[in-house]
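One line per chain: the protein sequences are V and Y, in this order.
Sequential numbering of the first sequence, starting at 18, is according to the numbering used here.
Sequential numbering of the second sequence, starting at 239, is according to the numbering used here.
So the structure is just underneath, and the comments pick up after that.
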Amino acid sequence: MIDWIAILQAGIASGTVLLFAAIGEIMAERSGVMNLGVEGMMLIGAMTAYRTAVTIDQPWVGLLFAMLAAGILSLLHAVVSIHFQADQVVSGLAINFVGIGLSMVLGEGLSKAGAVSLLPTITVPLLSQIPVLGPILFTNHNPMTYLGYALTPAAWFYIHRTRPGLHLRAVGEHPAAADAMGINVYRLRYGYVFAGGVLAGLAGGTISLAVSPGWFSELTTSGQGWIAIGLVIFAQWNPWRAAAGAYMFGALRRLILDLQGPQTLLGFANPFFYTPRLGFFLQMLPYALVILILFIGSREAMKKRVGAPAALGVPYIRGERGT
Amino acid sequence: MSASAPLPDSASSIPYAVEMRGIVKRFPGVLANDHVDFDLRPGEVHALLGENGAGKSTLMNILSGLYRPDAGLIRVNGRPVHFNSPRDAIAAGLGMVHQHFMLVPTQTVTENIILGLSEPRFFLPLDQLDQRVLALQEQYGLRVDPKARIWQLSVGEQQRVEILKMLYRGANVLIMDEPTAVLTPQEVEELFHTLRAMVARGHSVIFISHKLDEVLKISNRITVLRQGRVAASGIPAHEATKAQLAQLMVGREVVFTVRKKPVQPGEVVLSVEDVCAENDRGLPALRHFSIQVRAGEIVGIAGVAGNGQSELAQVITGLRRCSCGRVVIAGEDIANRPPRAAIERHVAHIPEDRHGVGSSPGLSLAENLIMKSHRRPPISNGWVLNLPMIRRQAAQLKDEYNIIAPSVEVQARLLSGGNLQKAILAREISAGPRLIIAVQPTRGLDVGAIETVQNLLLKEREHGAAILLISEELEELLTLSDRIVGMYEGRHMGELNAEEATLAAIGLMMAGTPQGKPATR
Numbered sequence: 018m019i020d021w022i023a024i025l026q027a028g029i030a031s032g033t034v035l036l037f038a039a040i041g042e043i044m045a046e047r048s049g050v051m052n053l054g055v056e057g058m059m060l061i062g063a064m065t066a067y068r069t070a071v072t073i074d075q076p077w078v079g080l081l082f083a084m085l086a087a088g089i090l091s092l093l094h095a096v097v098s099i100h101f102q103a104d105q106v107v108s109g110l111a112i113n114f115v116g117i118g119l120s121m122v123l124g125e126g127l128s129k130a131g132a133v134s135l136l137p138t139i140t141v142p143l144l145s146q147i148p149v150l151g152p153i154l155f156t157n158h159n160p161m162t163y164l165g166y167a168l169t170p171a172a173w174f175y176i177h178r179t180r181p182g183l184h185l186r187a188v189g190e191h192p193a194a195a196d197a198m199g200i201n202v203y204r205l206r207y208g209y210v211f212a213g214g215v216l217a218g219l220a221g222g223t224i225s226l227a228v229s230p231g232w233f234s235e236l237t238t239s240g241q242g243w244i245a246i247g248l249v250i251f252a253q254w255n256p257w258r259a260a261a262g263a264y265m266f267g268a269l270r271r272l273i274l275d276l277q278g279p280q281t282l283l284g285f286a287n288p289f290f291y292t293p294r295l296g297f298f299l300q301m302l303p304y305a306l307v308i309l310i311l312f313i314g315s316r317e318a319m320k321k322r323v324g325a326p327a328a329l330g331v332p333y334i335r336g337e338r339g340t
Numbered sequence: 239m240s241a242s243a244p245l246p247d248s249a250s251s252i253p254y255a256v257e258m259r260g261i262v263k264r265f266p267g268v269l270a271n272d273h274v275d276f277d278l279r280p281g282e283v284h285a286l287l288g289e290n291g292a293g294k295s296t297l298m299n300i301l302s303g304l305y306r307p308d309a310g311l312i313r314v315n316g317r318p319v320h321f322n323s324p325r326d327a328i329a330a331g332l333g334m335v336h337q338h339f340m341l342v343p344t345q346t347v348t349e350n351i352i353l354g355l356s357e358p359r360f361f362l363p364l365d366q367l368d369q370r371v372l373a374l375q376e377q378y379g380l381r382v383d384p385k386a387r388i389w390q391l392s393v394g395e396q397q398r399v400e401i402l403k404m405l406y407r408g409a410n411v412l413i414m415d416e417p418t419a420v421l422t423p424q425e426v427e428e429l430f431h432t433l434r435a436m437v438a439r440g441h442s443v444i445f446i447s448h449k450l451d452e453v454l455k456i457s458n459r460i461t462v463l464r465q466g467r468v469a470a471s472g473i474p475a476h477e478a479t480k481a482q483l484a485q486l487m488v489g490r491e492v493v494f495t496v497r498k499k500p501v502q503p504g505e506v507v508l509s510v511e512d513v514c515a516e517n518d519r520g521l522p523a524l525r526h527f528s529i530q531v532r533a534g535e536i537v538g539i540a541g542v543a544g545n546g547q548s549e550l551a552q553v554i555t556g557l558r559r560c561s562c563g564r565v566v567i568a569g570e571d572i573a574n575r576p577p578r579a580a581i582e583r584h585v586a587h588i589p590e591d592r593h594g595v596g597s598s599p600g601l602s603l604a605e606n607l608i609m610k611s612h613r614r615p616p617i618s619n620g621w622v623l624n625l626p627m628i629r630r631q632a633a634q635l636k637d638e639y640n641i642i643a644p645s646v647e648v649q650a651r652l653l654s655g656g657n658l659q660k661a662i663l664a665r666e667i668s669a670g671p672r673l674i675i676a677v678q679p680t681r682g683l684d685v686g687a688i689e690t691v692q693n694l695l696l697k698e699r700e701h702g703a704a705i706l707l708i709s710e711e712l713e714e715l716l717t718l719s720d721r722i723v724g725m726y727e728g729r730h731m732g733e734l735n736a737e738e739a740t741l742a743a744i745g746l747m748m749a750g751t752p753q754g755k756p757a758t759r
C-alpha cells in the first residue's frame with residue numbers, strides 16, 4: 018500500500034527546495050530582472066554545501082557557503098544584464114551553463130566522499146501531536162523546512178506591507194517613476210538579483226545536505242530550478258501561491274517515486290512496478306505538468322489582470338523615452 | 239485674464255525661486271540647450287513655450303535632477319545647487335509633474351505618493367498614510383480616492399496624484415510638463431483653478447506648453463525657446479499676443495487659418511455598425527459604437543486618450559478583432575478580416591504609432607514607401623522586386639511630398655518625426671484611397687509639418703476621399719472636420735456639425751455627457 022502520510026511528509030521537505038528557489042526568483046523578477054540561471058545556481062549551491070560538509074564536516078557552514086557561491090554567480094548575471102543591459106534571457110541561460118559546468122568540475126569525486134554530517138532533523142513538541150497534520154508538517158523535518166514555513170508569510174509581508182517592498186514593486190513595474198522619486202533602480206536590482214541567487218544557493222544546499230543527501234552531479238537538482246521558474250509564473254509573483262505550488266510539486270515528485278514500489282495499486286496490478294521505461298515516463302510528468310500549469314496560469318492571469326511586473330526583462334536606461 | 243499682482247523684480251531683495259544661468263546640454267548630434275537663462279519669481283506662473291524639440295523638456299529635466307548640465311549654474315532661493323539625482327531636486331523643493339505620468343499603475347494612490355520617501359522607515363501603516371493623504375487633499379481641494387489603484391483613475395485624476403505627490407514632499411516649485419495635453423477642456427479649467435490656488439498659497443509654477451491660448455491664460459510671464467536657445471525671456475503675459483509668440487516659437491510668421499473648401503458629401507464609404515471590442519487588457523474598449531463617413535467629408539472623433547479611439551481605428555483597419563457588429567466598407571463587411579482586406583479596398587491608415595505600425599524603422603525610406611504596393615506590378619511581379627522601379631518611385635514620392643532625407647536608401651528611423659509622417663502620408667495617399675483613417679496625424683510635429691499634413695488631408699477630401707480623423711488637438715478637429723463625434727468609454731456621445739460645435743460642447747462629450755445628434759445607423 019502507499020503510505021500517504023509519508024509521501025506528504027517527504028513532499029513538504031522536497032517542496033521546501035522549490036519554495037526557496039521560487040521565492041528568490043520572485044524577488045528578482047519583482048525588481049524587473051528575470052534570471053533563468055536558477056538551475057545552475059542551485060547546482061553550485063548543492064555542490065558547495067556538500068563539498069564544505071565533506072571537507073570541514075560543518076553542514077551549517079556548508080549552507081552559508083552555498084548561499085554565497087550562488088549569490089556570486091547571480092551577480093555575474095546582474096552585471097551583464099543590469100550594467101551592460103544585455104538580454105536577460107541569454108544571460109540567464111549562460112549563467113545556468115556556467116553554474117552546471119563549474120559544479121561538474123569542482124564536484125568531481127564528491128559522490129564517493131563517504132559519510133558526511135548532514136542537517137539534523139527536528140520534531141516539534143506538541144505541534145507534532147496534531148492528528149494528520151502533525152506527522153506531515155512537524156515530524157522529523159530538517160530545519161530548512163521550518164524556515165520555509167516562516168519565509169512565505171515574511172516574503173509576502175515584505176513585498177506588500179513594507180517600504181522596501183513598495184520600492185521593489187515600483188522598480189519592477191515602472192522604473193522611470195521610481196527613479197524620478199529618487200529610488201536607485203540599479204542598486205535595488207543588483208540587490209534583489211543577489212537575494213535570488215542566495216535563495217537558490219540555499220535551495221541547492223538543502224538538497225545535498227538534507228532532502229536527498231549526496232552529490233549526484235547534475236541529477237542532484239535534476240531540473241528543479243526550471244520547475245521553480247515555472248512556479249513563479251504560476252504563482253503570479255505571489256509567495257503564497259508559490260508555496261502552494263512548491264509543496265504540491267514536492268508531493269507529486271515523491272508520489273511518482275513511490276508509485277514504482279508496490280506490486281498492486283488499488284487492487285490492480287501496478288503497471289509501473291519495476292518497469293524502468295515507464296519509470297522514466299513518470300519522472301517526466303512533473304515537467305509536463307509545468308507546461309500545463311503555465312498554460313492555465315497565464316490564461317487566468319489575463320482574466321484577472323494580474324501579470325508579470327511590467328518592466329520584467331527590460332533593462333532600465335535613464336532618460337530613454339519609453340511609453 | 240492674466241493675474242498681474244505686483245511681483246518682485248530682479249532688483250528687489252527677494253531672491254528668485256529658481257534661477258538658471260548659461261545652461262548647456264549636449265546629446266549625441268544635438269545641442270539641446272545652448273546657454274539658456276531662465277528664472278522664476280516666487281508666487282508666479284512662468285510659462286516655458288516652444289515647439290517639440292526646442293529644448294523645454296531637457297531644460298526641465300536638468301532642473302529636476304534627471305539630467306546633469308554640461309555647463310551652467312542653478313540657484314534655488316539664491317543658493318547655488320548641484321543636483322545629482324531627482325532626489326536632490328525634490329529635497330530642494332522642486333517637484334516635476336511629467337508629461338507621461340511617473341506613476342506605478344498597479345499601486346494605490348497612497349503608495350505612489352509615499353514612493354521613495356525615507357519615512358516611514360520599514361512598516362507601512364497604510365490606513366494612517368491614507369488619512370494623511372486625505373488631509374493634504376483637503377488643503378488644496380485636490381480630490382482622489384487614496385485607496386484606488388492608478389490604472390483605475392482617469393487621466394485628470396492621475397495628474398492630481400502627481401501634484402499631490404509633489405506637495406506631500408513639500409515642493410515649493412511645481413514644474414508642469416505639458417500638463418494640458420491629455421485633459422478635456424473642463425479638466426484644463428480645473429487644473430488652472432488648482433494652479434491659481436497653489437500660487438495664492440505661495441507656490442511657484444513653471445508651466446511648459448506649446449499651446450498659446452493656455453499659456454496666455456494662466457501665466458504671469460513667458461519665456462520662449464527655439465532650437466535650444468532663448469528666443470524671448472520673461473515677457474509679461476499681458477503684453478504678449480498669440481501671433482507674436484507663434485513667430486518667436488517658429489522663427490517665421492505663421493498663418494493660423496487652413497482653408498477648407500465646401501464639398502458636397504457623396505455616398506457612405508465607411509459604416510461602422512454596433513461594434514464592440516476589447517483593449518489589450520481584455521476590458522471593453524468599444525461598446526456598441528456606430529459611425530458613418532461619406533465620400534468627401536472629414537468626420538472627427540473627439541475624446542480623451544484611452545476612450546476607445548485607438549481601438550476603433552484598429553478594428554476598421556483589421557488590426558484588432560471585434561466581438562460584435564459590422565465594419566462595412568463600400569458595401570462589404572470586412573469586420574475581423576485581415577488587414578489586407580482593408581488595404582485591398584483602398585483604405586489608407588495613418589496610425590498613431592509611426593515607428594511601430596506606420597513604418598519599419600530598420601528598413602530604408604524606399605522600402606517603407608512601397609510597403610503597400612509591393613505585391614503588384616510595377617513594383618514586383620508578385621515574387622521578385624523591381625529594385626530600379628522602387629528607387630524611381632520612391633525618389634518621385636520624396637520630391638512630391640517634400641520629404642527631407644539624404645537619399646531614399648536612408649533608414650526610416652533616421653528621419654525626423656515630420657519627415658517620417660510625410661513619408662507615411664506619401665505611401666498612403668499616393669495609392670488613391672477611398673477611405674483614410676488618420677490617428678493623431680499631427681501629434682508632435684512642428685508647425686510647418688502640421689500645415690503640410692492638414693492640407694494633404696483637405697486635398698484628399700476634395701478628391702472625394704472619406705476621412706475619419708482621430709485627434710486630441712481640439713483646434714485641429716474644429717478646423718478640419720465637417721462633423722465631430724464625441725467618444726467616451728467606447729460609446730458614441732453624440733454628433734455636432736463643425737459650424738455649431740464649441741469647445742465647451744466637445745468638452746462635455748469628452749467627459750461623458752451626450753450632446754447634439756445621437757448615433758445613427
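All residues carry an ideal CB built from backbone N, CA and C; glycine is no exception.
Check                                                                                                                                                                                 : Outcome
Give the DSSP bridge partners of residue 540(Y), in chain order.                                                                                                                      : 724(Y)
Compute the beta-carbon to beta-carbon distance between residue 648(Y) and residue 443(Y), rounded to the nearest angstrom, for a pair I have assumed lies under 8 angstroms.         : About 42 angstroms; that fails the 8 angstroms criterion.
Pairing CB atoms from the region 259-278 of chain V with CB atoms from the region 24-32 of chain V, are three or more of them under 8 angstroms?                                      : yes
What do you get for residue 701(Y), buried or exposed, if any count of 16 or more other CB atoms within 10 angstroms of its CB means buried?                                          : exposed
For the candidate residues 76(V), 156(V), 115(V) and 92(V), whose alpha-carbon lies nearest to that of residue 57(V)?                                                                 : 115(V)
For the ligand FMN, I want to know if residue 57(V) counts as a neighbour, meaning its beta carbon is within less than 7 angstroms of at least one of the ligand's heavy atoms.       : In the structure on display, the ligand FMN does not appear, and there are no ligands present to speak of.
Quick one: what does DSSP say residue 638(Y) is sitting in, helix, strand or coil?                                                                                                    : helix
Are residue 704(Y) and residue 542(Y) closer than 8 angstroms when you measure CB to CB?                                                                                              : no
Figure out for me which residue from 576(Y), 628(Y) and 398(Y) has the closest Cα to the Cα of residue 421(Y).                                                                        : 398(Y)
Quick check on DSSP: helix, strand or coil for residue 461(Y)?                                                                                                                        : strand
CB-CB under 7 angstroms to residue 5(V), same chain, minus the five flanking residues each way: which ones, in chain order?                                                           : Residue 5(V) lies beyond the stretch modelled for chain V, which goes from 18 to 340, so this question has no answer here.
Does the CB of residue 180(V) have a neighbour CB from chain Y at under 8 angstroms?                                                                                                  : yes
Please confirm whether residue 708(Y) and residue 677(Y) have their CB atoms less than 8 angstroms apart.                                                                             : yes
In this structure, does DSSP put residue 548(Y) in helix, strand or coil?                                                                                                             : helix
Just curious, the alpha helix (DSSP H) that residue 82(V) is in, first and last residue?                                                                                              : 76-95
Please classify residue 695(Y) as buried or exposed, where buried requires at least 16 other C-beta atoms within 10 Å of its C-beta.                                                  : buried
How is residue 480(Y) classed by DSSP in three states: helix, strand or coil?                                                                                                         : helix
Assign residue 177(V) to one of three DSSP states: helix, strand, or coil.                                                                                                            : helix
Can residue 246(V) and residue 55(V) be called in contact, C-beta distance under 8 angstroms?                                                                                         : yes
Ignore the nearest five residues each way along the sequence and tell me which others in residue 503(Y)'s own chain have a CB closer than 6 angstroms to its CB.                      : 532, 534 and 535
So, do the region 398-415 of chain Y and the region 341-356 of chain Y have three or more beta carbon pairs nearer to each other than 8 angstroms?                                    : yes
Buried or exposed for residue 49(V), going by 16 or more other Cβ atoms inside 10 Å?                                                                                                  : buried
Short of 8 angstroms in beta carbon distance, which residues of its chain neighbour residue 426(Y), apart from the five on each side in sequence? Order them along the chain.         : 418 and 452
The beta strand (DSSP E) spanning residue 660(Y) covers which residue range?                                                                                                          : First-last for residue 660(Y): 655-668, but that is the alpha helix (DSSP H), not the beta strand (DSSP E).
Which complete alpha helix (DSSP H) runs does the region 329-385 of chain Y hold, if anything under 4 residues is left out?                                                           : 347-352 and 364-378
Where do the ends of the alpha helix (DSSP H) carrying residue 321(Y) lie?                                                                                                            : Counting along the chain, residue 321(Y) falls outside any alpha helix (DSSP H), and DSSP gives it neither H nor E.
Among the residues of its own chain, which have a CB less than 7 angstroms from the CB of residue 9(V), if the five just before and after it don't count?                             : Lying before the first or after the last residue shown, residue 9(V) is absent from chain V, which here runs from 18 to 340.
Which residues in the same chain as residue 248(Y) place their Cβ atom closer than 8 angstroms to its Cβ, once the five residues preceding and following it in sequence are excluded? : Note on residue 248(Y): pLDDT 47, under 50, position unreliable in the model; no value is reported.
Residues of the region 97-117 of chain V in Cβ contact with chain Y at a cutoff of 9 angstroms, in chain order, please.                                                               : none
Look at the alpha carbon of residue 558(Y) and the alpha carbon of residue 664(Y), and state the distance between them as a whole number of angstroms.                                : 24 angstroms
Compare the C-beta of residue 317(V) with all C-beta atoms of chain Y and state if any pair is closer than 8 angstroms.                                                               : no
Mind checking whether residue 445(Y) and residue 729(Y) have CB atoms under 8 angstroms apart?                                                                                        : no
How about residue 325(V): is its C-beta nearer than 8 angstroms to some C-beta of chain Y?                                                                                            : no
So what's residue 281(V) in DSSP terms, helix, strand or just coil?                                                                                                                   : strand
Taking Cβ to Cβ, would you say residue 463(Y) is nearer than 8 angstroms to residue 480(Y)?                                                                                           : no
Can you name the residues that DSSP bridges to residue 217(Y)?                                                                                                                        : An answer regarding residue 217(Y) cannot be provided, because it is not within the stretch 239 to 759 covered by chain Y.
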